[in-house]
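The UniProt record's numbering puts the sequence shown at residues 37 to 664. From the three backbone atoms N, C-alpha and C, an ideal C-beta is built for every residue, glycine too. Heads up: the structure comes next, in structure tokens.
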Amino acid sequence: SSLYRIDGWGAPYFFANSSGNISVRPHGSNTLPHQDIDLLKLVKKVTDPKQTGGLGLQLPVIVRFPDVLKNRLECLQSAFDYAIQSQGYESRYQGVYPVKCNQDRFVVEDIVRFGSQFRFGLEAGSKPEILLAMSCLCKGNTDEAFLVCNGFKDAEYVSLALLGRKLALNTVIVLEQEEELDLVIDLSQKMNVRPVIGLRAKLRTKHSGHFGSTSGEKGKFGLTTTQIVRVVKKLKEVCMLDCLQLLHFHIGSQIPSTSLLSDGVSEAAQLYCELSRLGADMKVIDIGGGLGIDYDGSKSGESDLSVAYTLEEYAEAVVASVKFVCERRSVKHPVICSESGRAIVSHHSVLIFEAVSAVKPTVQQANHGDIQFLLESDGGDYEELYSAVMRGDHERCLLYVEKLKERCVEGFKDGVMSIEQLASVDGLCEWVLKAIGGSDPVQIYNINLSVFTSVPDLWGIEQLFPIVPIHKLDQRPGTRGVLSDLTCDSDGKVDKFIGGESSLPLHELDGCGGRYFLGMFLGGAYEEALGGVHNLFGGPSVVRVMQSDGPHSFAVTRAVPGQSSADVLRAMQHEPEMMFETLKHRAEEVMMMHTKDDEDEFGDVAACLDRSFHNMPYLATEEASMSN
Ligand code: PLP
Numbered sequence: 037s038s039l040y041r042i043d044g045w046g047a048p049y050f051f052a053n054s055s056g057n058i059s060v061r062p063h064g065s066n067t068l069p070h071q072d073i074d075l076l077k078l079v080k081k082v083t084d085p086k087q088t089g090g091l092g093l094q095l096p097v098i099v100r101f102p103d104v105l106k107n108r109l110e111c112l113q114s115a116f117d118y119a120i121q122s123q124g125y126e127s128r129y130q131g132v133y134p135v136k137c138n139q140d141r142f143v144v145e146d147i148v149r150f151g152s153q154f155r156f157g158l159e160a161g162s163k164p165e166i167l168l169a170m171s172c173l174c175k176g177n178t179d180e181a182f183l184v185c186n187g188f189k190d191a192e193y194v195s196l197a198l199l200g201r202k203l204a205l206n207t208v209i210v211l212e213q214e215e216e217l218d219l220v221i222d223l224s225q226k227m228n229v230r231p232v233i234g235l236r237a238k239l240r241t242k243h244s245g246h247f248g249s250t251s252g253e254k255g256k257f258g259l260t261t262t263q264i265v266r267v268v269k270k271l272k273e274v275c276m277l278d279c280l281q282l283l284h285f286h287i288g289s290q291i292p293s294t295s296l297l298s299d300g301v302s303e304a305a306q307l308y309c310e311l312s313r314l315g316a317d318m319k320v321i322d323i324g325g326g327l328g329i330d331y332d333g334s335k336s337g338e339s340d341l342s343v344a345y346t347l348e349e350y351a352e353a354v355v356a357s358v359k360f361v362c363e364r365r366s367v368k369h370p371v372i373c374s375e376s377g378r379a380i381v382s383h384h385s386v387l388i389f390e391a392v393s394a395v396k397p398t399v400q401q402a403n404h405g406d407i408q409f410l411l412e413s414d415g416g417d418y419e420e421l422y423s424a425v426m427r428g429d430h431e432r433c434l435l436y437v438e439k440l441k442e443r444c445v446e447g448f449k450d451g452v453m454s455i456e457q458l459a460s461v462d463g464l465c466e467w468v469l470k471a472i473g474g475s476d477p478v479q480i481y482n483i484n485l486s487v488f489t490s491v492p493d494l495w496g497i498e499q500l501f502p503i504v505p506i507h508k509l510d511q512r513p514g515t516r517g518v519l520s521d522l523t524c525d526s527d528g529k530v531d532k533f534i535g536g537e538s539s540l541p542l543h544e545l546d547g548c549g550g551r552y553f554l555g556m557f558l559g560g561a562y563e564e565a566l567g568g569v570h571n572l573f574g575g576p577s578v579v580r581v582m583q584s585d586g587p588h589s590f591a592v593t594r595a596v597p598g599q600s601s602a603d604v605l606r607a608m609q610h611e612p613e614m615m616f617e618t619l620k621h622r623a624e625e626v627m628m629m630h631t632k633d634d635e636d637e638f639g640d641v642a643a644c645l646d647r648s649f650h651n652m653p654y655l656a657t658e659e660a661s662m663s664n
């Protein structure tokens with residue numbers, strides 16, 4: 037398992053067990069070993085309809101572990117609680133979860149439920165997000181929890197946020213643009229609601245990684261100091277300066293180091309103190325997201341893939357910076373709010389998919405008959421190549437292989453060489469490369485997945501996630517591979533892996549129906565909502581898994597099949613029911629035309645069509661045995 041650095045990125049939730057499978061310890065280190073959940077056993081249960089209690093779901097599948105969410109929340113809260121207590125900070129931490137990271141109903145409901153004891157709230161950035169956040173918080177019954185309303189706002193969004201206060205929810209309207217202030221003043225008067233207002237500051241502190249491209253003075257979001265001064269003035273004029281209570285900033289996701297974090301927090305704390313001095317009734321400093329996670333297990337903070345701090349160190353740096361600035365300015369310590377998304381949800385789900393075939397570099401020894409034409413036609417390339425192989429002259433071999441291939445491809449294009457002859461030349465060249473140890477051993481593993489649907493950040497921003505076989509970890513991988521997905525798109529591939537590798541150690545597919553399952557880890561944030569339906573491959577199946585004391589140590593508490601072909605067609609405005617009728621009608625007509633009136637055959641056609649609309653678009657692999 038060290039090949040895949042599991043201990044680095046997986047601890048304390050994922051590790052290789054003694055059977056060579058990946059196990060999940062959803063409560064982190066607080067769990068007893070017999071409660072570990074073996075992912076292979078889980079996949080078998082979820083996919084195999086023949087197993088007792090088997091669900092017969094199709095892969096790919098997202099497995100959610102709500103207990104991981106609970107543990108993440110508890111760890112975040114206790115890291116801040118500890119920093120607050122040990123530094124003698126005189127207020128509290130009260131976080132919110134930015135729903136954009138994963139808006140799945142059960143994820144948000146779980147976070148509200150698990151977080152209610154800490155007054156944990158939600159952050160919304162759009163109208164549907166505020167609707168879902170309001171209804172989840174109503175059900176969660178946590179009046180003090182913040183509902184931070186970020187993002188660009190129109191009158192409808194502002195009205196919803198004000199309505200939230202009427203429903204006794206603790207909504208805070210964070211001004212993202214100066215123009216939003218007029219809407220807030222106007223609508224709060226019309227609706228007779230006293231709003232709580234925050235403002236998002238555009239900090240000078242700049243995070244230079246990919247996720248920080250919108251931070252700094254030229255950043256896309258937030259108010260400049262000039263705008264902040266104008267906002268204060270205007271609020272004072274309308275006797276609403278007491279409504280301004282929160283200062284927010286966000287310098288970008290995956291903040292690489294605590295020094296950058298402290299810089300940003302200190303700058304924001306100064307602004308906070310200034311707002312207090314100007315007469316606002318400041319109560320909360322909201323430090324945004326950015327608490328990073330270690331995708332590659334290196335803990336180096338040298339790229340967007342890792343961060344050089346622990347949760348505890350993050351909390352310690354935030355509390356120390358706010359405390360230092362506020363004490364120097366004699367300002368009462370504010371409530372510290374963070375909008376950590378990635379750090380809360382990334383670990384909670386695993387995407388499991390299958391490698392269905394592998395394309396090997398075919399090494400076939402060309403026979404004399406096949407290559408006779410080379411001897412007859414060429415200007416000595418073959419002879420040269422042959423003697424270079426005999427001499428073991430690698431450099432010359434590579435040179436002549438290239439030359440020979442080039443000449444033969446030209447010959448093929450000119451029509452003087454047949455496809456069989458070209459295939460023989462390819463075979464010969466591969467054989468030579470293999471013989472001199474210069475062949476590329478990397479295989480292409482075809483995976484039953486769409487990168488665009490399930491790992492969109494991999495395609496869009498080259499974000500890497502740990503990808504690991506979920507079994508056979510006690511066997512040495514016999515080869516290396518890159519992954520190629522189902523879409524007809526050359527970008528639908530994974531050929532970069534954590535640790536800077538361009539291929540992944542993989543086990544040979546045994547070709548006897550034994551299946552090979554891979555897991556993509558730490559993808560619980562952002563990937564689900566960003567994914568599209570390229571080539572009409574839709575969302576995967578989803579199961580929710582809790583620990584249990586039963587024979588399996590787990591219980592599947594919810595199982596939802598992935599989007600069917602009908603679902604994805606509907607998403608592109610097609611009407612599957614009508615398509616079905618059209619195709620059925622055509623079948624009837626054609627059968628009548630051929631004076632065939634075979635009801636059985638018609639029934640078969642209709643059933644086949646019906647199945648295809650209802651099944652998932654991914655390759656069906658149920659015929660593969662579950663023997664391994
Ligand atoms: N808050 C705001 C305003 C954001 O824009 C983001 C994400 O970009 C977050 C919070 C969540 O950040 P993270 O997932 O890094 O915690």
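- [ ] Would you mind giving the Cβ-Cβ distance between Leu509 and Leu500, rounded to the nearest angstrom? I have them listed as a contact below 8 Å.
- [x] Within the sequence shown, the letter at position 473 stands for residue 509. Within the sequence shown, the letter at position 464 stands for residue 500. Contact doesn't hold; Cβ gap of about 20 Å is too wide.
TODO: Measure from the alpha carbon of Gly428 to the alpha carbon of each residue in Ser38, Ile455 and Ala471, then state which is nearest.
DONE: Here residue 428 refers to the residue found at position 392 when the sequence shown is read from its first residue. When Ser38, Ile455 and Ala471 are compared, the shortest CA-CA separation from Gly428 is found for Ala471.
Task: Whole-number beta carbon distance between Ile483 and Asp521, since they are thought to touch under 8 Å - done: By 1-based counting over the sequence shown, the position of residue 521 is 485. By 1-based counting over the sequence shown, the position of residue 483 is 447. Confirmed, Cβ separation roughly 6 Å.
Open item on the list: Based on DSSP bridge pairs, tell me the residues matched to Glu145.
Closed with: As a first step, residue 145 must be located in the sequence shown, where it is residue number 109. Paired residue(s): none; Glu145 is not in a bridge.
Task: Residue span of the beta strand (DSSP E) that contains Cys465, given as start and end - done: To locate residue 465, count along the sequence shown from 1; it is residue 429. DSSP places Cys465 in no beta strand (DSSP E) but in the uninterrupted alpha helix (DSSP H) bounded by Ile455 to Ala471.
- [ ] Grab the span of the beta strand (DSSP E) containing Val504 for me, first residue to last.
- [x] Reading the sequence shown from its first residue, position 468 is the one you call residue 504. Unbroken beta strand (DSSP E) run through Val504: Ile503 to Pro505.
Open item on the list: Classify Lys136: buried if its beta carbon has 16 or more other beta carbons within 10 angstroms, exposed otherwise.
Closed with: By 1-based counting over the sequence shown, the position of residue 136 is 100. By the 10 Å Cβ count, Lys136 comes out buried.
Task: Start and end residues, beta strand (DSSP E) containing Cys137 - done: Residue 137 sits at position 101 when you count from the first residue of the sequence shown. First-last for Cys137: undefined, no H or E at that position.
- [ ] Return the Cβ separation of Trp45 and Gly333 in integer angstroms, given the expectation that the two are a contact with Cβ distance under 8 Å.
- [x] Position 9 of the sequence shown, counted from the start, is the residue given in the question as residue 45. Position 297 of the sequence shown, counted from the start, is the residue given in the question as residue 333. Correct: roughly 4 Å between the Cβ atoms.
TODO: Give a single yes or no on whether Leu327 has its beta carbon closer than 7 Å to a heavy atom of the ligand PLP.
DONE: As a position in the sequence shown, residue 327 is number 291, starting the count at 1. Yes.
- [ ] Would you identify the three-state DSSP class for Tyr654, choosing helix, strand or coil?
- [x] For the purposes of this step, residue 654 is taken as the residue at position 618 of the sequence shown. Tyr654: coil per DSSP, three-state reduction.
Task: Uninterrupted alpha helix (DSSP H) stretches inside the region 244-331 (no shorter than 4 residues) - done: 261-273 and 294-313
Task: Helix, strand or coil at Val399 according to DSSP, with G and I counted as helix - done: Sequence index remark: in the sequence shown, residue 399 carries index 363 (1-based). With a pLDDT of 45 at Val399, under the threshold of 50, the modelled position of that residue is not reliable, and the figure given next carries that caveat. If DSSP states are grouped into helix, strand and coil, Val399 belongs with coil.
Open item on the list: Can you check which of these residues, Lys439, Ile455, Gly598 and Glu442, is closest to Leu485 by C-alpha distance?
Closed with: To locate residue 485, count along the sequence shown from 1; it is residue 449. The option with the nearest alpha carbon to Leu485 is Gly598.
TODO: Give me the Cβ distance between Gly567 and Gly575, rounded to the nearest whole Å; I'm assuming they're in contact under 8 Å.
DONE: Position 531 of the sequence shown, counted from the first residue, corresponds to residue 567. Position 539 of the sequence shown, counted from the first residue, corresponds to residue 575. Sure, about 7 Å apart at Cβ, within 8 Å.
Task: Beta-carbon contacts of Val399 that lie in its chain and below 6 Å, excluding the five residues immediately before and after - done: Counting from 1 along the sequence shown, the entry for residue 399 is found at position 363. Low local confidence applies: a pLDDT of 45 at Val399 is under 50, so the model's placement there is unreliable, with the coordinate-based value given in what follows. Closer than 6 Å at the Cβ level, and outside the excluded window around Val399, lie Glu466, Trp467 and Lys470.
Open item on the list: At the level of alpha carbons, what is the spacing between Gly92 and Thr83?
Closed with: In the sequence shown, the residue the question calls residue 92 occupies position 56. In the sequence shown, the residue the question calls residue 83 occupies position 47. Distance between the alpha carbons of Gly92 and Thr83 is about 4 Å.
- [ ] Flag this pair as touching only if the region 347-354 and the region 60-74 have three or more C-beta atom pairs under 8 Å; answer yes or no.
- [x] With a cut-off of 8 Å, the region 60-74 and the region 347-354 do not count as touching, because too few Cβ pairs lie within range.
TODO: Go ahead and label Met614 buried or exposed: buried means 16 or more other beta carbons lie within 10 angstroms of its beta carbon, across all protein chains shown.
DONE: Looking up residue 614 in the sequence shown gives position 578. It counts as exposed.
Open item on the list: Does the beta-carbon of Ala561, which I'm using as the reference point, lie nearer than 7 Å to any heavy atom of the ligand PLP?
Closed with: For this step, residue 561 is matched to residue 525 along the sequence shown. Yes; taking the cut-off as 7 Å, the Cβ of Ala561 has a heavy atom of the ligand PLP nearer than that.
Open item on the list: Could you give the first and the last residue of the continuous alpha helix (DSSP H) run that contains Arg443?
Closed with: Locating residue 443 in the sequence shown gives position 407, counting from the first residue. For Arg443, the uninterrupted alpha helix (DSSP H) run begins and ends at His430 to Lys449, by DSSP.
Task: Reduced DSSP secondary structure (H/G/I, E/B, other) of Ile534 - done: Locating residue 534 in the sequence shown gives position 498, counting from the first residue. DSSP places Ile534 in coil when its eight states are reduced to three.
Open item on the list: For Ala595 and Ile98, what's the separation of their Cα atoms in angstroms?
Closed with: Here the question's residue 595 lines up with position 559 in the sequence shown. Here the question's residue 98 lines up with position 62 in the sequence shown. Spanning the two alpha carbons is a distance of roughly 10 Å.
Task: Residue burial classification, Gln609 (beta-carbon count within 10 angstroms, cutoff 16) - done: Your numbering for residue 609 matches position 573 in the sequence shown. The residue in question, Gln609, is exposed, as its Cβ has fewer than 16 Cβ neighbours within 10 Å.
Task: Where Leu93 falls: helix, strand or coil (DSSP) - done: Along the sequence shown, one-based indexing puts residue 93 at 57. Correct three-state label for Leu93: coil.
- [ ] Starting from the Cα of residue 26, find the closest Cα among Phe389, His507 and Phe156 and give me that residue.
- [x] Nothing in the structure corresponds to residue 26, since the chain is present only between 37 and 664.
TODO: Using 10 angstroms around the beta-carbon of Glu659, count the other beta-carbons present and answer buried if the total reaches 16, otherwise exposed.
DONE: Residue mapping note: residue 659 aligns to position 623 of the sequence shown, counting from 1. Low per-residue confidence applies at Glu659: pLDDT is 45, beneath 50, and the placement is therefore not dependable, though the value from the model is reported in the following sentence. By the neighbour-count rule (16 or more Cβ atoms within 10 Å), Glu659 is not buried but exposed.
- [ ] Please work out which residues of its chain come closer than 8 Å, Cβ to Cβ, to Arg266, disregarding the five sequence neighbours upstream and downstream, and give them in chain order.
- [x] The residue given as residue 266 occupies position 230 in the sequence shown. Result list for Arg266: Glu214, in chain order.
Task: Sheet register partners of Met556 (DSSP bridge) - done: Translated into the one-based positions of the sequence shown, residue 556 becomes position 520. According to DSSP, Met556 bridges with Leu387 and Ile503.
Task: Three-state secondary structure assigned by DSSP to Gly234 - done: Taking the sequence shown and counting its residues from 1, one reaches residue 234 at position 198. DSSP places Gly234 in strand when its eight states are reduced to three.
Task: Helix, strand or coil at Lys529 according to DSSP, with G and I counted as helix - done: For this step, residue 529 is matched to residue 493 along the sequence shown. In this structure, Lys529 counts as strand in the three-state DSSP scheme.
- [ ] Assess, as a yes-or-no matter, whether the region 578-589 is touched by the region 67-81 under the definition of 3 or more beta carbon pairs within less than 8 Å.
- [x] With the cut-off at 8 Å, the region 67-81 and the region 578-589 touch.
Open item on the list: Just verifying my parser: in three-state terms, what is the DSSP assignment at residue 679?
Closed with: The requested residue 679 is not part of the displayed model; the chain covers only 37 to 664.
TODO: Would you list the residues sitting across from Asn482 in a DSSP beta bridge?
DONE: Numbered from 1 along the sequence shown, position 446 holds the residue referred to as residue 482. Asn482 pairs with Ser393 and Ser520.
TODO: Could you have a look at Met627 and say whether DSSP puts it in helix, strand or coil?
DONE: Walking along the sequence shown from the start, residue 627 turns up at place 591. Helix at Met627.
Open item on the list: Please classify His384 as buried or exposed, where buried requires at least 16 other C-beta atoms within 10 Å of its C-beta.
Closed with: As a working note, residue 384 is residue 348 in the sequence shown. So His384 ends up on the buried side.
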